[in-house]
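**Q**
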Amino acid sequence: MAGFQTTPWRLISGVLGVICLLLMAALGVLLKNSLTKQSVQLGPSTELGEESGCYSCQEKWIGYQCNCYFISDELKTWKDSRNFCVSHNSSLLQIQTRNELDFMKFSSNSYWIGLSYSEEHHAWLWEDNSTLSQDLVPLFHIVNPKNCIIYSPRRGALDEDCESTYSYICKQQFI
8 MAGFQTTPWR LISGVLGVIC LLLMAALGVL LKNSLTKQSV QLGPSTELGE ESGCYSCQEK
68 WIGYQCNCYF ISDELKTWKD SRNFCVSHNS SLLQIQTRNE LDFMKFSSNS YWIGLSYSEE
128 HHAWLWEDNS TLSQDLVPLF HIVNPKNCII YSPRRGALDE DCESTYSYIC KQQFI
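In my numbering, the protein residues as written are 8 to 182.
#1: Assess, as a yes-or-no matter, whether the region 110-119 is touched by the region 135-142 under the definition of 3 or more beta carbon pairs within less than 8 Å.
#2: What first and last residue would you give for the beta strand (DSSP E) that runs through D166?
#3: Over the uninterrupted beta strand (DSSP E) stretch that includes K186, give me the two end residues.
#4: Counting Cβ pairs closer than 8 Å, one from the region 82-90 and one from the region 163-182, do we hit at least three?
#5: By a C-beta neighbour count over all protein chains shown, 10 Å radius and 16 as the cutoff for buried, is D135 buried or exposed?
#6: In terms of residues, what are the limits of the alpha helix (DSSP H) holding S123?
#7: Have a look at S137 and Y124 and give me their C-alpha separation to the nearest angstrom.
#8: With 8 Å as the threshold, decide whether the Cβ of N96 is near any Cβ in chain D.
#9: Just curious, the beta strand (DSSP E) that W85 is in, first and last residue?
#10: Name the DSSP bridge partner or partners of I69?
#11: Could you pull the DSSP bridge partners for S159 from this structure?
#12: At the level of alpha carbons, what is the spacing between G24 and L34?
#13: Got a sec, what are the start and stop residues for the beta strand (DSSP E) L132 sits in?
#14: Taking only heavy atoms of the ligand ZN into account, decide whether any of them is closer than 7 Å to the Cβ of Y173.
#15: Suppose you measure from the CA of T104 to the CA of Q72; what does that come to, to the nearest Å?
Pasting the structure below:
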């Protein structure tokens with residue numbers, strides 16, 4: 008052989024090979040950046056940031072609007088759910104604004120919340136004894152006062168026997 012001969016096809020395949028390697032490297036960088044951004048945007052952070060006047064949440068709690076929320080997977084009665092929340096320095100969920108639970112709008116589950124009927128006051132009260140605002144949690148039908156309230160992001164508030172078992176939401180407030 009009299010030396011290395013470059014044919015047009017060898018040159019073209021070499022250029023295409025280099026382009027392919029560059030594209031694969033660029034794709035790797037884009038995927039890495041995309042996954043990092045996506046993990047940040049998947050849901051509320053557990054870090055609320057002290058510069059915002061909020062505090063960090065415990066592990067497995069969700070930070071949202073200067074509150075920490077624990078959304079349980081396990082099923083408990085209303086009373087057992089309330090006791091769990093109290094043991095974690097929180098209370099069953101008390102809804103205070105219409106968009107408070109926007110981060111849960113795609114959930115199809117129902118959860119115990121901190122609303123029960125007070126025979127003494129003849130009214131539905133939150134755990135802190137404040138009254139229920141029908142604007143925030145409309146109860147659409149006649150509700151049995153002996154029952155407790157579950158909340159479903161898709162169906163709203165419903166009454167259920169307090170001895171039934173459901174998941175629950177605890178809320179820890181910092182402001």
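Virtual Cβ for every residue (Gly too), placed ideally from N, Cα, C. Keep in mind it's a predicted model, so treat the numbers as computed, not measured.
**A** Answer, in terms of the structure:
#1: no
#2: 163-167
#3: Residue 186 lies beyond the stretch modelled for the chain, which goes from 8 to 182, so this question has no answer here.
#4: yes
#5: exposed
#6: Unbroken run through S123 is the beta strand (DSSP E), 118-125; no alpha helix (DSSP H).
#7: 12 Å
#8: As a matter of chain content, chain D is missing from the structure shown, which is built from one protein chain.
#9: First-last for W85: 85-94, but that is the alpha helix (DSSP H), not the beta strand (DSSP E).
#10: Y76
#11: G163
#12: 15 Å
#13: 130-133
#14: Looking at this structure, you won't find the ligand ZN or any other ligand, since it has none at all.
#15: 11 Å
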